[in-house]
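Here the structure is laid out as structure tokens; the discussion comes afterwards.
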Amino acid sequence: MTTLQAVGKVRISGAGVAGLAAAVILSRAGIRVTVDERADAPPTTGTVFGLAGAAQDALDRCGVLDRIRKVSVEQRAGALRGADGRVFVTANLPEPVLLVTRPDLQDVLADELAAGVVNYGRPGISASDLAGDAVLIGADGTSGPTRTQLFGSATAPRHVGTTVWRGTVETFSSPSVEDGSLFGETWGRGALFGITPRWDGRLNFFGASRAAPGTTTVEDFFTRFADWHRDVRMVMGGVDRDDMLHHDLFQSPPLARFTSGRAALVGDAAHTMTPHLGRGAGEALVDAVTLAELLVDFPADGALARYDRMRRRHGLRMVRASAAVGALALAEHGTPIRDGMLGLVGGAMRWIGRSTLG
Ligand SMILES: Cc1cc2nc3c(=O)[nH]c(=O)nc-3n(C[C@H](O)[C@H](O)[C@H](O)COP(=O)(O)OP(=O)(O)OC[C@H]3O[C@@H](n4cnc5c(N)ncnc54)[C@H](O)[C@@H]3O)c2cc1C
6 MTTLQAVGKV
16 RISGAGVAGL
26 AAAVILSRAG
36 IRVTVDERAD
46 APPTTGTVFG
56 LAGAAQDALD
66 RCGVLDRIRK
76 VSVEQRAGAL
86 RGADGRVFVT
96 ANLPEPVLLV
106 TRPDLQDVLA
116 DELAAGVVNY
126 GRPGISASDL
136 AGDAVLIGAD
146 GTSGPTRTQL
156 FGSATAPRHV
166 GTTVWRGTVE
176 TFSSPSVEDG
186 SLFGETWGRG
196 ALFGITPRWD
206 GRLNFFGASR
216 AAPGTTTVED
226 FFTRFADWHR
236 DVRMVMGGVD
246 RDDMLHHDLF
256 QSPPLARFTS
266 GRAALVGDAA
276 HTMTPHLGRG
286 AGEALVDAVT
296 LAELLVDFPA
306 DGALARYDRM
316 RRRHGLRMVR
326 ASAAVGALAL
336 AEHGTPIRDG
346 MLGLVGGAMR
356 WIGRSTLG
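In the numbering used here, the protein residues as written are 6 to 363.
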């Protein structure tokens with residue numbers, strides 16, 4: 006059998022985290038690869054991704070983990086609080102998570118590629134325009150067209166009834182810095198608020214609220230969380246409105262396959278998930294590296310079939326798990342019961358010594 010390495014070319018649609026990671030693996034193996042990116046330039050804004058162990062391993066396989074560590078901060082513990090500030094749980098994370106901004110992550114990956122591999126300002130091709138034995142990797146995210154071109158408009162990601170505001174602020178002094186509860190999430194009624202560190206010493210924040218699509222503005226952020234605890238109000242006081250990102254959240258319906266003919270979907274194009282597990286970018290990296298390595302090692306048809314077997318079930322499980330966490334975090338009813346249960350969990354963890362709080 007002839008491998009793709011000997012004859013083929015890979016066209017990647019989308020220079021996000023997945024598209025760039027796949028291109029790094031393929032071009033290093035000597036496979037001809039082109040990345041088409043709709044945007045005119047790499048992103049300069051974007052808040053922080055949390056990358057856990059499997060994503061760090063994928064970055065290592067791309068040969069960039071050490072460089073990513075230099076522009077990341079490690080988070081080893083996190084707190085879960087109520088809107089009034091009471092701490093339910095403060096716990097060590099099962100494994101340290103690397104926090105890195107989207108521009109930094111994408112810069113490091115793009116830097117590994119020769120000039121001319123990534124074409125900005127050029128929309129990706131559709132699978133029907135693929136020439137010869139080429140392969141198409143659809144890495145064009147939640148809003149890209151490859152998924153619906155391959156599987157129909159009924160498979161388009163759907164709004165989940167949640168909106169998100171994100172940004173960065175200067176750090177501030179707070180008792181919660183001392184007791185280790187500043188970083189983590191606060192869950193209220195129908196809304197949540199998160200604060201994470203950045204490698205440059207500033208803070209990253211995100212606020213999410215139940216809301217019908219297109220019904221909220223940047224200003225709503227300030228009213229939605231106005232009566233939440235002090236740290237949330239401190240963040241709001243430091244926000245530069247012009248630097249805030251505000252958008253609605255989507256989730257993909259499940260697909261029966263991540264591949265079709267000589268095309269495959271990776272990352273959000275395959276399985277857009279809500280951000281409640283903080284796993285979307287990490288899963289995108291693992292998809293991309295898995296598929297690219299398979300294309301290096303096997304003939305294209307076999308590589309695509311193996312990729313689907315290795316990644317589809319897991320990806321769809323992550324979509325469901327993230328939705329389940331979101332339902333709990335953004336619950337609009339029964340929050341006193343939820344909060345009481347979380348308090349019991351935190352108490353039990355302190356008792357058995359798993360909590361970072363005394
Ligand atoms: C609020 C929020 C918080 C998040 N927090 C985390 C977190 O902590 N940890 C984590 O792991 N993940 C997180 N995620 C998820 C993460 O952002 C995505 O899962 C990740 O970016 C997916 O990578 P991707 O490469 O598949 O898609 P993207 O990074 O979205 O890249 C897709 C690229 O395709 C391009 N494109 C679109 N259409 C076309 C076209 N027609 N032709 C060519 N190019 C096209 C786009 O411009 C873009 O550059 C979060 C998401 C949200 C919304």
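Positions of the beta carbon are idealized from the N, C-alpha and C atoms, including for glycine.
| Check | Outcome |
| --- | --- |
| Using a 10 Å radius around the Cβ and a threshold of 16 neighbouring Cβ atoms, would you call THR168 buried or exposed? | buried |
| Would you kindly work out how many angstroms separate the C-alpha atoms of GLY121 and TRP233, rounded to a whole number? | 49 Å |
| So within the segment 132–164, which uninterrupted alpha helix (DSSP H) runs reach at least 4 residues, ignoring any that extend past its ends? | 151–156 |
| May I ask you to check if the CB of PRO128 is nearer than 7 Å to at least one heavy atom of ligand 1? | yes |
| When you compare each of ARG318, ARG33, ARG235, PRO47 to VAL22 by their alpha carbons, which one comes out closest? | PRO47 |
| DSSP three-state call for SER179: helix, strand or coil? | coil |
| Report the rounded CA-to-CA distance for PRO218 versus HIS164, giving the unit in angstroms. | 7 Å |
| Nearest-angstrom Cα distance between ALA334 and THR176? | 25 Å |
| Taking the beta strand (DSSP E) that SER18 belongs to, which residues open and close that run? | 14–18 |
| Compare the C-alpha of GLY166 against each of GLY345, LEU103, ALA332, PRO202 and name the closest. | ALA332 |
| Hey, could you find the ends of the alpha helix (DSSP H) ALA82 is sitting in? | No alpha helix (DSSP H) contains ALA82, which is instead part of the beta strand (DSSP E) from 78–87. |
| For ARG91, tell me which candidate among THR201, PRO180, ARG171, MET315 has the shortest Cα-Cα distance. | PRO180 |
| What whole-angstrom Cβ distance do PHE255 and PRO128 have, given they're in contact under 8 Å? | About 20 Å; that fails the 8 Å criterion. |
| How far does the alpha helix (DSSP H) with THR228 in it extend, from its first residue to its last? | 223–229 |
| Going by the CB atoms, is the gap between VAL301 and ALA34 shorter than 8 Å? | yes |
| Is ASP41 helix, strand or coil when you go by DSSP? | strand |
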